[in-house]
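J.: I'd like to ask you about the structure that follows.
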Amino acid sequence: MANGWTPSRRARQSELIRQWQPWEKATGPKSAAGKARCARNAWKGGARGVLRELARVLRAQSQRLNEFRRND
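Dropping the structure here:
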(Lines of atoms letter the chains of each structure in order from A; the text may use other names.)
(Lines give C-alpha, C1' and ligand atoms only; values in the text may rest on other atoms or scores of the structure.)
Protein backbone atom coordinates (compact mmCIF):
# COMPACT_ATOMS: atom_id res chain seq x y z
CA MET A 5 0.00 0.00 0.00
CA ALA A 6 1.24 3.46 -0.78
CA ASN A 7 0.45 4.88 2.65
CA GLY A 8 2.45 2.25 4.56
CA TRP A 9 -0.56 0.45 6.10
CA THR A 10 -0.22 -3.16 5.06
CA PRO A 11 -3.10 -5.49 5.95
CA SER A 12 -1.05 -7.09 8.74
CA ARG A 13 -0.02 -3.71 10.15
CA ARG A 14 -3.63 -2.53 10.00
CA ALA A 15 -4.81 -5.67 11.85
CA ARG A 16 -2.13 -5.25 14.54
CA GLN A 17 -3.02 -1.59 15.04
CA SER A 18 -6.70 -2.48 15.21
CA GLU A 19 -6.01 -5.03 17.95
CA LEU A 20 -3.84 -2.58 19.91
CA ILE A 21 -6.57 0.05 19.78
CA ARG A 22 -9.10 -2.50 21.04
CA GLN A 23 -6.76 -3.21 23.96
CA TRP A 24 -6.12 0.48 24.74
CA GLN A 25 -9.81 1.39 24.43
CA PRO A 26 -9.17 5.12 23.97
CA TRP A 27 -12.94 5.73 23.79
CA GLU A 28 -13.14 4.81 27.48
CA LYS A 29 -10.64 7.53 28.40
CA ALA A 30 -12.04 10.28 26.19
CA THR A 31 -14.29 12.58 28.18
CA GLY A 32 -15.77 15.94 27.50
CA PRO A 33 -15.90 18.85 29.88
CA LYS A 34 -17.48 18.10 33.24
CA SER A 35 -17.65 21.50 34.92
CA ALA A 36 -20.10 24.22 33.95
CA ALA A 37 -17.19 26.51 33.09
CA GLY A 38 -15.63 23.86 30.84
CA LYS A 39 -18.93 23.21 29.08
CA ALA A 40 -19.44 26.93 28.52
CA ARG A 41 -15.96 27.24 27.07
CA CYS A 42 -16.45 24.28 24.71
CA ALA A 43 -19.80 25.62 23.57
CA ARG A 44 -17.94 28.53 21.97
CA ASN A 45 -15.61 26.33 19.88
CA ALA A 46 -17.46 27.08 16.65
CA TRP A 47 -17.78 30.81 17.29
CA LYS A 48 -15.98 32.69 14.53
CA GLY A 49 -15.90 36.16 16.03
CA GLY A 50 -18.15 39.17 16.04
CA ALA A 51 -17.07 40.51 12.65
CA ARG A 52 -18.15 37.42 10.74
CA GLY A 53 -21.80 38.44 10.50
CA VAL A 54 -20.88 41.95 9.42
CA LEU A 55 -18.56 40.62 6.71
CA ARG A 56 -21.21 38.22 5.43
CA GLU A 57 -23.74 41.04 5.19
CA LEU A 58 -21.21 43.22 3.39
CA ALA A 59 -20.51 40.42 0.91
CA ARG A 60 -24.26 40.01 0.31
CA VAL A 61 -24.72 43.74 -0.34
CA LEU A 62 -21.72 43.87 -2.68
CA ARG A 63 -23.01 40.85 -4.62
CA ALA A 64 -26.41 42.50 -5.03
CA GLN A 65 -24.79 45.76 -6.13
CA SER A 66 -22.65 43.92 -8.68
CA GLN A 67 -25.71 42.15 -10.09
CA ARG A 68 -27.61 45.42 -10.43
CA LEU A 69 -24.62 47.08 -12.10
CA ASN A 70 -24.39 44.22 -14.60
CA GLU A 71 -28.12 44.55 -15.34
CA PHE A 72 -27.69 48.29 -15.85
CA ARG A 73 -24.79 47.73 -18.27
CA ARG A 74 -26.80 45.17 -20.27
CA ASN A 75 -29.72 47.59 -20.64
CA ASP A 76 -27.55 50.34 -22.14
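In the working numbering, the protein residues as written are 5 to 76. All residues carry an ideal CB built from backbone N, CA and C; glycine is no exception.
How would you write the range of the alpha helix (DSSP H) that Pro26 sits in, first residue to last?
T.: Counting from 1 along the sequence shown, the entry for residue 26 is found at position 22. Pro26 to Lys29 is the span of the alpha helix (DSSP H), which, as asked, contains Pro26.
J.: If we ignore side chains and look at the alpha-carbon of each, how far apart do Lys39 and Pro33 end up?
T.: Position 35 of the sequence shown holds residue 39. Position 29 of the sequence shown holds residue 33. Using only the alpha carbons, I get a separation of about 5 Å.
J.: According to DSSP, is Asn70 helix, strand or coil?
T.: Translated into the one-based positions of the sequence shown, residue 70 becomes position 66. In this structure, Asn70 counts as helix in the three-state DSSP scheme.
J.: When DSSP labels each residue in this structure, what does Ala43 get in the three-state scheme?
T.: Locating residue 43 in the sequence shown gives position 39, counting from the first residue. Helix, per DSSP.
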